[in-house]
Amino acid sequence: MNEENKVVYLIDYIKKNKHVKTLTKLDIPLDLSVPSPHLYSRMIAFGVDILTIGLIKTSLHATYAYFISEFFTPLNEAQQASLINGNMVLHSTIFMLIYWTYFLYTSYILEGKTLGKMAMGLRVINEQFITNQDEKHYQPTLHSSLKRALGYLFCYMSFGTFFIFNFSSEDKRGLPDYLSSTRTVSDHWLNKMLEQKIFHEEEVQIEIESLDILKAA
1 MNEENKVVYL IDYIKKNKHV KTLTKLDIPL DLSVPSPHLY SRMIAFGVDI
51 LTIGLIKTSL HATYAYFISE FFTPLNEAQQ ASLINGNMVL HSTIFMLIYW
101 TYFLYTSYIL EGKTLGKMAM GLRVINEQFI TNQDEKHYQP TLHSSLKRAL
151 GYLFCYMSFG TFFIFNFSSE DKRGLPDYLS STRTVSDHWL NKMLEQKIFH
201 EEEVQIEIES LDILKAA
């Protein structure tokens, strides 16, 4: 063998069923390992979501009012108004039901994309996708979506007090995030992270020193 032209033929090792020692996967780059909290964008997104929920509630109320006025004609205006307006407890319960259903639906069916998050280029993903490099599924599960919607409901029932988690926690995650083990990230970050994981999955790094160069050649 020419010492000045040492060549390792990996195929020789494969054919002889020899063990080839590989290195561990590279760590995730620093700019991807800790995604930005996007607190300001999340606040705007939540405002859009609240407006959307309010519009849904208003539309349902208008539809109900039309139904009463059209099909309960024997009742006088005062009686119809009483049925339409109901009481505050009923209206609050309906609003909370719409509120909870909205966040459950968008988290699970729309895979973490509320209307507000769509507008701001954000998405909810499972925290496991960040902490576990081998995890490829980022969409929230039904179980985590239920917990996340419940977290939003707790924030609403606390008159917004529990939203303080978004500002006081070290990673700027809110109560719904902690309850459901989820996190809000940007679409740009997610695409970069998916590319990084695909690259690591396809990449194989071999420790050259583990190969017997002389025998292989």
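In this text, residue positions in the sequence shown follow this note's numbering: the first is 1, and each later residue adds one.
No residue lacks a Cβ here, since even glycine has one placed at the ideal position from N, Cα and C.
Small disclaimer: the values here were computed from a predicted structure and weren't measured.
Within the DSSP bridge table, the entry for VAL124 names THR184 as partners.
Under the three-pair Cβ rule at 8 Å, the stretch 57-71 counts as touching the stretch 84-99.
In this structure GLU127 is in contact with SER181, their Cβ atoms being roughly 5 Å apart against a cut-off of 8 Å. The alpha-carbon separation between GLN139 and GLU111 amounts to approximately 5 Å. Close CB contacts of MET96 within its chain, under the 8 Å cut and outside five residues either way in sequence, are with LEU153, TYR156, MET157 (chain order). Per DSSP, the unbroken alpha helix (DSSP H) holding ASN85 starts and ends at 77-85.
For ALA149 and SER33, the gap between their C-alpha atoms comes out near 26 Å. A distance of 8 Å or more separates the beta carbons of VAL89 and THR184. For the pair PHE46 and THR52, the Cα-to-Cα distance works out to about 10 Å. Counted as a single uninterrupted DSSP element, the alpha helix (DSSP H) harbouring PHE154 occupies residues 142-157.
With respect to the 8 Å criterion, ILE198 and MET120 are not classified as neighbours on the basis of their beta carbons. Taking a C-beta distance under 8 Å as the contact criterion, GLY174 and PHE159 do not qualify as a contact pair. In the three-state reduction of the DSSP assignment, VAL48 falls in the helix class. Between ASP177 and LEU115, the C-beta spacing is not below 8 Å. Here the alpha carbon of THR106 sits roughly 23 Å from the alpha carbon of THR63.
Under the DSSP assignment, LEU104 falls in the alpha helix (DSSP H) whose first and last residues are 88-108. A straight line joining the alpha-carbon of SER59 with that of LEU104 spans about 20 Å. In this structure, DSSP gives PHE72 a state outside helix and strand, which the three-state scheme calls coil.
Just so you know, the alpha carbons of LYS147 and ARG42 end up roughly 19 Å apart. DSSP places THR161 within a helical segment (H, G or I) once states are collapsed to three.
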